[in-house]
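Heads up: the structure comes next, in structure tokens.
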Amino acid sequence: MKTLTNPIGRWLLSGLFMAASLAVQAQTESAPGPEAARIQATAEDAYIYGLPLVSTYAVLYAFSVDSASPQFKAPINQLGCMAKPATPADKAIPFVNNDTLYCNAWLDLRAEPMVISVPAVEKSRYHSVMLTDLSSVNFGLIGTNTTGNAAGDFLVVGPDWQGETPAGIKGVYRATSLFSNALFRTQLKNLQDIDGVRAVQAGYHVRSLSNYLGTATPPAAAQINFPKIDRELAKSNFFGYLNFVLGLVPVRPEDRELRERIASIGLGSGNFDTFKTLAAKYRPQLMAGVQAGDAKINALIANAGPRVNGWNWNFSLDSDRNNYTGDYLKRAALARAAPFGLNADEARYPISSTLANGEPLDASKHNYSLTFKAGELPPVEQFWSLTMYDAASRSFVENPLQRYNINSGSLPQMQKNADGSLTIYLQKDAPAADKQANWLPAPDAPFSVILRLYGIGETLKNNAWVIPPVMLAD
């Protein structure tokens, strides 16, 4: 088992691929007329459909293919685990959390299924294994809120697998792509709880079905030449990468019409290098299609969730695959705004960067506070946390307390007000000594806070609880 330092790399930054950066290494020819209009419209649809595929492939490449990558976790079909909580040094991770420690495995499902084994976990500790395919949506969730905290073995199969489920397997999860990701989360209750998390992680295992059964190993799948990808390469050759990744995503009935349409402009061969001729001839139409698709994605993100009291719920787009059949625009918005997020029934992530009136939160200018009335703490079934981020870097903030969040586990050390309410102080300078247990240090700069909610009961599902606004506290 390889040790991880980061769960999710810089590929997950929103806006990984921007329309203005699309470039093609060839001369452009004039291509007016109805055929050009068709190419542009098809390129727009292909970009919206393909953004999740290419961005997720970038994570696969960095995490499990490029062993020289600073984001490398473990080879394909092996498990790597985080050994310690994140710190401000972990700037590659946008909006990192300290609520859970991660393990990660990329699964190659071509030759045979893979078995995920989890240990028995104490009832008071949240854990989950989230299964995500190359289209960036979740097709399975193992853990506290779905399968429980008992030990178990679970089978992850490829799109066309037709075998029999072996005895002892508690559940079968079918991916829609030939590669999928398994992201393990284990609750870290406090900084003294590291050994407790590590004990759980030691019981996680990923292995092939033949290894699990002790049977002969099937013939290996063909070796893949994974094309190198980084941010700049993805910007310059988006459609080349999409052409490659489409070869790893078999056509589903509900996608057939679109896949046939984008195949008409040369997309779908699975060959990284075969898109150059069309790209050279129709570069203006491709760029216009990408720009139009990008604008639609960003517009949907901007209006994806309600904004109440300055809190934006668009990080709570539901990642469950069942919500995205045929809705490629919504899926692209998810991949950009909230990649590798849990299903909305499992966790939600409202974020605040402003006061209720829209004024940006800036601790270089003001002190702020967040007060929960008596009896009105977040109504979660597991736990909650409030985490501070520098707005520009989206990373933790250096501070003398090395405190990056306040969570439900902090409550015994915190001081309540005389009326039973709880105030959290959001400011760069330490408050009075009697308030420091309630201080969440802010940067000397604009900031954001995310309220993570784990264990979504009926109150949150029905939007019956309203987060109080961040207030000026000067």
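Here the sequence shown stands for residues -26 to -1, 1 to 448, where the numbers follow mature numbering (1 follows the signal peptide of the UniProt record, and there is no 0).
Note that beta-carbon positions come from the ideal geometry of N, C-alpha and C, so glycine has one too.
If you drop the 5 nearest sequence neighbours on each side, which residues of the same chain put their C-beta closer than 7 Å to that of residue i?
i      : result
Pro417 : Ala337, Asp364, Val371, Lys402
Gly267 : Glu18, Tyr21, Ile22
Thr61  : Phe370
Give a yes or no on whether the C-beta atoms belonging to residue i and residue j are separated by under 8 Å.
i      : j      : result
Lys209 : Gly383 : no
Asp19  : Arg159 : no
Phe80  : Ser38  : Here the sequence assigns Trp to residue 80, which means Phe is not the residue at that position. Yes. Within cutoff.
Ala124 : Ala156 : no
Leu216 : Leu241 : yes
Val130 : Ser154 : yes
Tyr323 : Val444 : no
Leu75  : Val180 : no
Asn51  : Ser182 : yes
Ser422 : Leu335 : yes
Ala321 : Tyr428 : yes
Quick one: what's got a C-beta closer than 8 Å to residue i's C-beta in the same chain, skipping five residues either side?
i      : result
Lys202 : Tyr35, Asp40
Leu187 : Pro140
Report the rounded CA-to-CA distance for residue i versus residue j, giving the unit in angstroms.
i       : j      : result
Ile13   : Gln259 : 6 Å
Gln175  : Gly132 : 25 Å
Met56   : Val103 : 14 Å
Ser369  : Met362 : 8 Å
Lys144  : Ala404 : 51 Å
Ala373  : Asp204 : One detail in the question is off: residue 373 reads as Asn in this sequence, not Ala. Whole-angstrom Cα-Cα distance: 32 Å.
Thr299  : Thr397 : 43 Å
Phe213  : Pro193 : 32 Å
Thr16   : Glu9   : 10 Å
Phe238  : Thr189 : Checking the sequence shown, residue 238 turns out to be Ser, not Phe. In a straight line, the C-alpha of Ser238 is about 44 Å away from that of Thr189.
Lys97   : Cys77  : 20 Å
Arg281  : Lys347 : 20 Å
Tyr100  : Asp408 : 32 Å
Ala48   : Phe200 : 16 Å
Asn119  : Arg226 : 29 Å
Asp82   : Val89  : 12 Å
Ser243  : Asp64  : 38 Å
Ala253  : Ser184 : 44 Å
Val(-3) : Ala195 : Residue confidence is low: Val(-3) scores 39 on pLDDT, short of 50, so the model does not pin down where it sits. No coordinate-derived value is stated.
Leu165  : Glu206 : 37 Å
If I'm right that residue i touches residue j with Cβ under 8 Å, what's the distance once you round it to whole angstroms?
i      : j      : result
Tyr303 : Ile271 : One point to set straight first is that residue 303 is Leu, not Tyr, in the sequence displayed. Contact holds; Cβ gap of about 7 Å.
Leu25  : Ala309 : 6 Å
Asn286 : Val440 : Between Val440 and Asn286 the Cβ distance is about 14 Å, and since that is not below 8 Å, they are no contact.
Pro353 : Leu434 : 6 Å
Asn412 : Asp73  : Actually they do not touch by this definition, with Cβ atoms about 19 Å apart.
Between residue i and the rest of its own chain, which residues show a CB-CB distance below 6 Å, the 5 nearest in sequence each way excluded?
i      : result
Thr121 : none
His340 : Leu446, Asp448
Asp319 : Ile430
Leu344 : Ile398, Val444
Which residues share a DSSP beta bridge with residue i?
i      : result
Gln161 : Thr74
Asn379 : Thr361
Gln401 : Pro415
Asp445 : Per the sequence shown, residue 445 should be read as Met rather than Asp. Met445 is bridged to Ser343.
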